[in-house]
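Protein chains in written order, with the numbering used here: chain A, 205 to 549; chain B, 205 to 549. All C-beta atoms, glycine included, are put in the ideal place defined by N, C-alpha and C. Please read all numbers here as calculations on a predicted model, not as lab measurements.
Protein chains: 2
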Amino acid sequence: MNIDCPLPSEVEETIHLGHGGGGEPSQRLLHEHIYPHFNNAWLERPHDSAILPAQASALAFTTDSYVISPLFFPGGNIGELSVYGTVNDLAMSGARPLYLTCSLILEEGLPLTTLDRIVASMAQAALAAGVQIVTGDTKVVERGKGDGLYINTAGVGALVSQQRIAPESVSSGDVILLSGDVGRHGMAVMAKREGLEFDSALESDCAPLHEPVLDLLANGISVHCLRDLTRGGLATALLEIARAGGLQMHIQEQAIPISDPVRGACELLGIDPLYVANEGRFVALVPEAQAADALAVLQSSAVSAGARVIGHVRAGGASGLILQNALGCERILGFLPGEQLPRIC
Amino acid sequence: MNIDCPLPSEVEETIHLGHGGGGEPSQRLLHEHIYPHFNNAWLERPHDSAILPAQASALAFTTDSYVISPLFFPGGNIGELSVYGTVNDLAMSGARPLYLTCSLILEEGLPLTTLDRIVASMAQAALAAGVQIVTGDTKVVERGKGDGLYINTAGVGALVSQQRIAPESVSSGDVILLSGDVGRHGMAVMAKREGLEFDSALESDCAPLHEPVLDLLANGISVHCLRDLTRGGLATALLEIARAGGLQMHIQEQAIPISDPVRGACELLGIDPLYVANEGRFVALVPEAQAADALAVLQSSAVSAGARVIGHVRAGGASGLILQNALGCERILGFLPGEQLPRIC
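Put into structure tokens, the structure is as follows:
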């Protein structure tokens, strides 16, 4: 360290419009700040598309744009979120995640060191999830037309089972399994954004979920439906399945694990934890006869070690979601009328 | 028309943060403004991923984010651009475009009528290009954190030939074919943005390019490399191929078609048309022996009816791009040092 020179010798390098023009600065951005992180054979020979080997199975194809604010939050950042989010969407279709794209919308003025940290985090997440980031795109917008950066990832996975994992496959009697405690991602982001301090650490649950899903299928569980509990949380995910499949679902409030810091933050902010976004939790709907086996499989993966049975699908009645509290009182849960936690993913 | 009531009875409906929350407004946005346009079997049963049938061939996989400003420009809008741009990236790999995703980042305050027009245009473009929009995502950011809307599309296509269409396949003697006049897209957008008026209509060339490419392959042309001439235009596209393949390319200035309105606008604004973005033009590098056949195939498609031979790849020498003018003088073309036309795609 040179203590004679307390001031930085150069102004911090930031993104400018030229980085999005396709010319020399674009080339340098790619070759110095993007490709080195995603080091793989596809990017060594960049072309308009990546060429993927033929797949014998059907494919799952998905996309998500990530606009989370702030970019860094307790337990993660937008980079790993953009990888795990898309990996998880593929997993929820019963697919082994294989290939991802990475498309960046950068705001003029974003420090290159911030970009580097985020891209490095994407690369690390891809490694953890066993996927390759094979192609991408980078655009730059003027200051005040973005918010640091937005990331889109699209993903392709190979279906590992013939069974259709979808709301239509759910039938009455099916058991609803939840992979762990809910509400951590949304409340960690909210706490950071609002500058709230809590006694206990409040960290996002951001994590890849393909492992427990592939384990369920490998163990012969007839998985009827899966859903990760992102925007809108547990309640919205179950409602979507109920509505799409014409099903009535019953869940027990006291069976749903919620950590003390999440419960505390939710009470403070007046937010229902059942509607708070998660990025490392999912529900699995399985036949009653296989519920115990499925639970054991889930509990054997670290990411779903806290799995529980939280309810079941009941025959007859209007489609919807019913919550029973500890006293046995029932309450119908609906979609949220508005937005309680904007930009949590 | 009710002439007794000149004022609209309701405030124009616009996007609000609730449309991005996953709750009731999100559901309505999808079911009233998105799915009806993209009407297909995948979206009737929306799930986390779309399930695509197994493909016998290798796949091309690509993505692009579109941040063009303004959203509507002479000859097109961001919606059709986002479909054709990704369709064209797939075509440039020698693939038949099949499936697209559509991910929207909407700015709070965007009129729903604007969204409707753009999504309808995407649907029409998908129909024209023979692709299905099978899955998507919608996010909303606060006013001042976007610019109306940004669109990401990712695409999957099936390779139609075993030959590797890439810079490494180009060899000395190869002929460079250009599919038509250059510079229209970038100059149409610039003219609109700057409020310039020209005598002649200046319209974007935005169009799908899969047809002439598939025709080349169906006619047995050994296509060595293809590249659409988007950001950075003709010069940047050829330079990228030259650099990636270690090639020296020579092109003739007078062989490159440029319309009078484009030439006029470029002179007025001091812009080199060879670096201006196109959205319906490409180069094809083919063996000299097949150049005449390839040219005839290209000229038989409406979108590439103005195809010409503009140069060739020369053995030896440093890799790069050399432009010869009408007087026989040669000039080395490099990557642009900065950005001349921000946000043209």
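Q. Three-state secondary structure (DSSP) at residue 395 (chain B)?
A. DSSP, read as helix, strand or coil, puts residue 395 (chain B) in helix.
Q: Decide if residue 269 (chain B) is buried, meaning its Cβ has at least 16 other Cβ atoms within 10 Å, or exposed.
A: Buried.
Q | Sub-8 Å separation of residue 308 (chain A) and residue 287 (chain A) beta-carbons | A | No, they are not a contact pair.
Q: Check the C-beta distance from residue 364 (chain A) over to residue 431 (chain A) and give it rounded, since I have them as a contact under 8 Å.
A: At roughly 17 Å, the Cβ-Cβ gap does not stay under 8 Å, so residue 364 (chain A) and residue 431 (chain A) are not in contact.
Q: Name, please, each residue of chain D whose Cβ falls closer than 9 Å to the Cβ of residue 296 (chain A).
A: The structure shown contains no chain D; its protein chains are A and B.
Q) Is it the case that the Cβ atoms of residue 421 (chain B) and residue 499 (chain B) are separated by a distance below 8 Å? A) The answer is no: Cβ separation not under 8 Å.
Q) Which residue's Cα is closest to the Cα of residue 223 (chain B): B:344, B:242, B:318 and B:245? A) Comparing Cα-Cα distances from residue 223 (chain B) to each of B:344, B:242, B:318 and B:245, the minimum goes to B:344.
Q: Tell whether a beta-carbon distance below 8 Å holds between residue 341 (chain A) and residue 510 (chain A).
A: Not in contact: residue 341 (chain A) and residue 510 (chain A) (Cβ atoms no closer than 8 Å).
**Q.** Start and end residues, alpha helix (DSSP H) containing residue 291 (chain B)
**A.** Start and end: 282-295.
Q. How is the beta strand (DSSP E) around residue 432 (chain A) delimited, first residue to last?
A. Its beta strand (DSSP E) spans residues 429-432.
Q: Answer with yes or no whether the minimum CB distance from residue 209 (chain B) to chain A is below 8 Å.
A: Residue placement at residue 209 (chain B) cannot be trusted, given a pLDDT of 47 that sits under 50; what the coordinates show is reported in the next sentence. Closer than 8 Å to the CB of residue 209 (chain B) there is not a single CB belonging to chain A.
Q: Determine the burial state of residue 257 (chain A): buried for a count of at least 16 other Cβ atoms within 10 Å of its Cβ, exposed for fewer.
A: Under this definition residue 257 (chain A) is an exposed residue.
(Q) For a quick check, are the C-beta atoms of residue 471 (chain B) and residue 410 (chain B) less than 8 Å apart? (A) No, they are not a contact pair.
Q. By a C-beta neighbour count over all protein chains shown, 10 Å radius and 16 as the cutoff for buried, is residue 351 (chain A) buried or exposed?
A. It counts as buried.
Q.
Strictly under 8 Å for the Cβ-Cβ distance: is residue 367 (chain A) near chain B by that measure?
A. Not closer than 8 Å to any Cβ of chain B, the Cβ of residue 367 (chain A) fails to qualify, so no.
Q. Taking 8 Å as the CB-CB cut-off, is residue 231 (chain B) touching chain A?
A. So, interface residue.
**Q.** Residues from the segment 323-341 of chain A in contact with chain B, defined by Cβ distance under 9 Å
**A.** Answer set for the segment 323-341 of chain A: 338, 339, 340 and 341.
Q: At 9 Å on the CB atoms, spell out the chain A contacts of residue 372 (chain B), in chain order.
A: Against chain A, the beta carbon of residue 372 (chain B) has neighbours under 9 Å at 249, listed in chain order.
Q. Considering only residues of the same chain and omitting the five flanking positions on each side of residue 492 (chain B), which have a CB-CB separation below 8 Å?
A. Correct list, in chain order: 377, 378, 379 and 516.
Q. Can you name the start and end residues of the alpha helix (DSSP H) that residue 307 (chain B) belongs to?
A. According to the DSSP assignment, residue 307 (chain B) belongs to no alpha helix (DSSP H) but to the beta strand (DSSP E) extending over 299-311.
Q: Would you mind working out which of B:274, B:244 and B:359 sits nearest residue 399 (chain B), comparing C-alpha positions?
A: Of the listed residues, the one whose Cα sits closest to residue 399 (chain B) is B:274.
Q: Taking the CB atoms as reference points, tell me whether residue 242 (chain A) and residue 327 (chain A) lie closer together than 8 Å.
A: Cβ atoms of residue 242 (chain A) and residue 327 (chain A): closer than 8 Å.
Q. From this set, A:316, A:490 and A:454, which residue's C-alpha is nearest residue 535 (chain A)'s C-alpha?
A. Answer by Cα proximity: A:454.
**Q.** Option nearest residue 221 (chain A) by Cα separation, candidates A:281, A:311, A:265 and A:293
**A.** If we check each option's Cα against that of residue 221 (chain A), A:311 comes out closest.
Q: Could you have a look at residue 517 (chain B) and say whether DSSP puts it in helix, strand or coil?
A: In the three-state reduction of the DSSP assignment, residue 517 (chain B) falls in the strand class, which pools E and B.
Q | Secondary structure, alpha helix (DSSP H): runs of 4+ residues fully inside the segment 462-532 of chain A | A | Within the segment 462-532 of chain A, the runs of alpha helix (DSSP H) that reach at least 4 residues and sit entirely inside it are, in chain order, 464-473 and 495-503.
Q. Quick one, which residues of the segment 443-464 of chain A are near chain B if we go by CB-CB under 8 Å, in chain order?
A. Residues of the segment 443-464 of chain A with a C-beta less than 8 Å from any C-beta of chain B: 448, listed in chain order.
Q. For residue 351 (chain B), which residues in chain A fall below 7 Å Cβ to Cβ?
A. 345 and 349, listed in chain order.
Q | Residue burial classification, residue 217 (chain B) (beta-carbon count within 10 angstroms, cutoff 16) | A | So residue 217 (chain B) counts as exposed.
Q: Pull up the distance between the alpha-carbon of residue 423 (chain B) and that of residue 541 (chain B), whole angstroms please.
A: If you draw a straight line from the Cα of residue 423 (chain B) to the Cα of residue 541 (chain B), it is about 40 Å long.
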